[in-house]
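Q: Throughout the sequence shown, residue numbering follows numbering that gives the first Met the number 0, covering 0 to 206 in sequence. Yeah, the Cβ is synthetic: ideal placement off N, Cα and C, and Gly gets one too.
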Amino acid sequence: MSSLNKKPLLVGLTGGIGSGKTVVSNQFEKMGIPCFYADKVAGTYYTDKDFCEKLYPIFGDVVFDENGVPNKRKIAEIVFSNPDKLQQLNAIVHPKVMSDFEIWVALHADSPYVIQENAILFEHGFETMFDKTIMVYAPKDLRIRRVLKRDKTTYEAVEARINNQMDDEEKRKKSDYVILNYKGEKYRTSRIEKVHKKILEFIAQKS
Numbered sequence: 000m001s002s003l004n005k006k007p008l009l010v011g012l013t014g015g016i017g018s019g020k021t022v023v024s025n026q027f028e029k030m031g032i033p034c035f036y037a038d039k040v041a042g043t044y045y046t047d048k049d050f051c052e053k054l055y056p057i058f059g060d061v062v063f064d065e066n067g068v069p070n071k072r073k074i075a076e077i078v079f080s081n082p083d084k085l086q087q088l089n090a091i092v093h094p095k096v097m098s099d100f101e102i103w104v105a106l107h108a109d110s111p112y113v114i115q116e117n118a119i120l121f122e123h124g125f126e127t128m129f130d131k132t133i134m135v136y137a138p139k140d141l142r143i144r145r146v147l148k149r150d151k152t153t154y155e156a157v158e159a160r161i162n163n164q165m166d167d168e169e170k171r172k173k174s175d176y177v178i179l180n181y182k183g184e185k186y187r188t189s190r191i192e193k194v195h196k197k198i199l200e201f202i203a204q205k206s
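Right, dumping it as structure tokens:
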């Protein structure tokens, strides 16, 4: 049961980089389900003065430009090859994200359920705060091609990020529902609709 202990039902949605989490989340939104994008929300913190001040002890001046603005790409390059730095960054970001999520949930109390999209849902044990979990799956080679097309990055950088995430098979075992996102839009949409129906049925059974 959710640690927030109130309606709406909390659903966590995750998947490896390039799996298409946001595409799936957007489709749930079109069906009227509110979605909270943890990575996007975390990205807004880099314009917050108090948050940025907490980055200095971890990274020093090297990740800041001449105006004192942190370079998120440089930070990402550092943390994905330095587990200690990643852990320190997460210790700042994660509590703030979850606090903002709790406030956001209260604003959507009339919805039967809400979704939090979170790339590292299982890696950090966040699944314990959700009633149900969804994994978006696509083969590794396809995910890498998608990210290379989407981002200005290298094959090695994408592999490093994948290696910092939990193995897909382990995620599948932990998830209540799995949405395959490599068989085309029609198949994906059909699966999303089925998962939506199952979640609503679960909510009805609890009532």
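Quick check: the Cα distance between H93 and L106, rounded to an integer number of angstroms?
A: If you take the alpha carbons of H93 and L106, they lie about 20 Å apart.
Q: If we count Cβ pairs, one from each stretch, closer than 8 Å, do we get three or more for the stretch 115-122 versus the stretch 58-76?
A: Touching, no.
Q: Are V78 and A41 close, meaning C-beta to C-beta below 7 Å?
A: No. Outside cutoff.
Q: Could you please give me the residues that DSSP links to L169 through a beta bridge?
A: Before going on, a small fix: residue 169 reads as Glu here, not Leu. According to DSSP, which records beta bridges pairwise, E169 is partnered with nothing at all.
Q: So if DSSP puts Q131 in a beta bridge, which residue, or which two residues, is it bridged to?
A: In the sequence under discussion, the amino acid at residue 131 is Lys, which differs from the Gln named in the question. Answer is V10.
Q: Are there 16 or more other CB atoms within 10 angstroms of the CB of E168, so buried, or fewer, so exposed?
A: Looking at its Cβ environment, which holds fewer than 16 other Cβ atoms inside 10 Å, E168 is exposed.
Q: When we look at the beta-carbon of M0 and count the other beta-carbons within 10 Å, is it buried (16 or more) or exposed?
A: Note that M0 scores 39 on pLDDT, short of 50, meaning its location in the model is unreliable; the coordinates nonetheless yield the value given after this. M0 comes out exposed.
Q: May I have the straight-line CA-CA distance separating F35 from Q115, to the nearest angstrom?
A: C-alpha separation (whole angstroms): 5 Å.
Q: Please name the residue or residues paired with L179 in a DSSP beta bridge.
A: DSSP lists Y136 as partners of L179.
Q: Name the two residues that bound the continuous beta strand (DSSP E) containing I16.
A: No beta strand (DSSP E) holds I16; DSSP gives it neither H nor E.
Q: Over what stretch of residues does the beta strand (DSSP E) that includes I114 continue unbroken?
A: Start and end: 112-116.
Q: Consult DSSP for P56 and reduce its assignment to one of helix, strand or coil.
A: Helix, per DSSP.
Q: Per DSSP, F121 is paired with what?
A: Note: F121 sits in no beta bridge, so no partner.
Q: Whole angstroms is fine: what's the gap from R171's alpha carbon to M134's?
A: Those two C-alpha atoms are separated by around 7 Å.
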